[in-house]
Amino acid sequence: MKTIEIGRILLADDGSEPADRARRLAVELAAQHHAKLSIVYVQEPFQDEADAQRTVAVARSMAEDRNVSYDVMTEAPVGITNPGRRIVTAAEDCAADIIVIGARGLGGIGRLLLGSVSSYVVHHAPCSVLVAR
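Taking the working numbering, the leading residue of the sequence shown gets 29, the next gets one more, and so forth.
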């Protein structure tokens, strides 16, 4: 069987409980594959950079504990922002091989299993997506 090469993992982190599961998976996957971890956080309107940095501090600490190379991308809101679109764009910008994202399971009947952001990412991502539940 051919080995799958994973060089860049994009972690979508919003500080939520589902994101905690995604964090653990992304850091472990990065450690196993010696991949670079890109942590992306999409800011809410009127949220400052300091709040965003506090949100991704846990992921940074986890990466450091496992000696995983990482960078942080904070996506500032633009108008009425679509976090899913911003995550997909970040994946394109950093040439991610896989996106790891948590699923909140909130939203309408069509999004009951995944959640609106993770559902958008699954359907529009330029690479594979691992949804942590």
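Just so you know, even glycine gets a beta-carbon here, dropped at the ideal spot from N, CA and C.
Quiz item: How is the beta strand (DSSP E) around ARG94 delimited, first residue to last?
Solution: No beta strand (DSSP E) holds ARG94; DSSP gives it neither H nor E.
Practice problem: Spell out the partners DSSP gives VAL157 in its beta bridges. | Solution: Residue pairing from DSSP places VAL157 in a beta bridge opposite ILE127.
Quiz item: Rounded to a whole number of angstroms, what is the C-alpha to C-alpha distance between ILE127 and LYS30?
Solution: Going by the C-alpha atoms only, they are around 21 Å apart.
Quiz item: Taking contact to mean at least 3 C-beta pairs separated by less than 8 Å, is the region 43 to 50 in contact with the region 112 to 119?
Solution: Between the region 43 to 50 and the region 112 to 119 there are fewer than three inter-stretch CB-CB distances shorter than 8 Å, so the stretches are not counted as touching.
Exercise. Identify which residue in PRO154, ARG132, ASP125, SER66 has its Cα closest to the Cα of ALA87.
Key: Here the closest residue by C-alpha is SER66.
Practice problem: With a threshold of 16 other CB atoms inside 10 Å of the CB of SER146, please say whether the residue is buried or exposed. | Solution: The residue in question, SER146, is buried, as its Cβ has 16 or more Cβ neighbours within 10 Å.
Practice problem: Assuming MET40 contacts VAL149 (C-beta within less than 8 Å), just tell me the rounded distance between them. | Solution: Note that residue 40 corresponds to Ala in the displayed sequence, not to Met. Confirmed, Cβ separation roughly 7 Å.
Practice problem: Within the same chain, show all residues whose beta-carbon is closer than 6 Å to that of ALA160, passing over the 5 residues directly before and after it, in chain order. | Solution: Its chain contains ARG49, ALA50, LEU53, GLY130 as the residues whose beta carbon lies nearer than 6 Å to that of ALA160, once the 5 sequence neighbours on both sides are disregarded; these appear in chain order.
Quiz item: What do you reckon, are the CB atoms on ILE93 and ILE37 nearer than 8 Å?
Solution: As written in the sequence, residue 93 is Asp, which differs from the Ile given in the question. Not a contact, by the Cβ cut-off of 8 Å.
Quiz item: Can the beta-carbon of MET101 be found closer than 8 Å to that of VAL55?
Solution: For MET101 and VAL55, no; Cβs fall outside 8 Å.
Self-check item: Residue nearest to VAL70 in terms of C-alpha spacing, selected from GLN81, HIS152, PRO111
Solution: Minimum Cα distance to VAL70 is reached at PRO111.
Exercise. Leaving out five residues on either side along the sequence, give the residues of the same chain with a beta carbon under 8 Å from the beta carbon of HIS152.
Key: Taking C-beta separations shorter than 8 Å and ignoring five residues to either side along the sequence, the partners of HIS152 in its chain run GLY112, ARG113, VAL116, following chain order.
Quiz item: On the three-state DSSP scale, how would you describe ALA59?
Solution: Residue state, collapsed to three classes: helix.
Quiz item: Mapping DSSP to helix, strand and coil, what is THR31?
Solution: Looking at THR31 - three-state DSSP - the assignment turns out to be coil, as it is neither helix nor strand.
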